[in-house]
Amino acid sequence: MSDRDQLENWKRSLRRGLDDTTKELDKLKKEFRRERELRDLQIDRLTSWLGEEDMPEDVREDLEESLELLKEKNAEKEERIQWLETSKRSTEFMIRKIEEERRV
0 MSDRDQLENW KRSLRRGLDD TTKELDKLKK EFRRERELRD LQIDRLTSWL
50 GEEDMPEDVR EDLEESLELL KEKNAEKEER IQWLETSKRS TEFMIRKIEE
100 ERRV
């Protein structure tokens with residue numbers, strides 16, 4: 000198999016991966032936007048309630064854990080979105096370079 004054929008096969012594989020990445024990224028962004036309002040409300044309320052002094056210690060600990068879990072979940076989704084965006088740009092770069100090589 001010639002280099003040209005191998006590059007073409009690689010490019011096809013990259014395009015399939017790019018399609019999958021784009022679909023996952025779009026889905027995750029939609030979920031993130033849809034959940035953001037509720038998540039922000041939950042974080043605001045928990046933060047506010049934790050400022051109250053007349054709360055049993057076990058309840059305070061549970062609310063603190065809930066707040067941390069919400070923040071972690073938020074950060075994990077943001078990190079995943081960033082990773083997918085980087086992966087998409089990298090794949091697009093490789094496809095572009097393969098196409099440039101084929102023109103030469």
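Residues in the sequence shown are numbered consecutively from 0, following numbering that gives the first Met the number 0.
Each residue gets a CB set at the ideal place from its N, CA and C atoms; glycine is no exception.
Quick caveat: nothing in here was measured; it's all calculated off a predicted structure.
Taking just the CA atoms, how far does residue j sit from residue i?
i, j, result
"S47", "R32", "23 Å"
"L68", "F92", "36 Å"
"D39", "L24", "21 Å"
"K26", "D53", "42 Å"
"E99", "T85", "21 Å"
"I97", "L6", "7 Å"
"P55", "S65", "16 Å"
Is the beta carbon of residue i sitting closer than 8 Å to the one on residue j?
i, j, result
"K70", "L17", "no"
"L49", "R59", "yes"
"K10", "I94", "yes"
"L62", "L83", "no"
If you follow the alpha helix (DSSP H) that residue i is part of, which residue opens it and which one closes it?
i, result
"M93", "56-102"
Report yes if the C-beta of residue i is less than 7 Å from at least one heavy atom of the ligand NAD; otherwise report no.
i, result
"W9", "You won't find the ligand NAD in this model; it holds no ligand whatsoever."
* Asked: Which residue spans inside the stretch 10-50 form an unbroken alpha helix (DSSP H) run of at least 4?
  -> None, since the stretch 10-50 contains no complete alpha helix (DSSP H) of that length.
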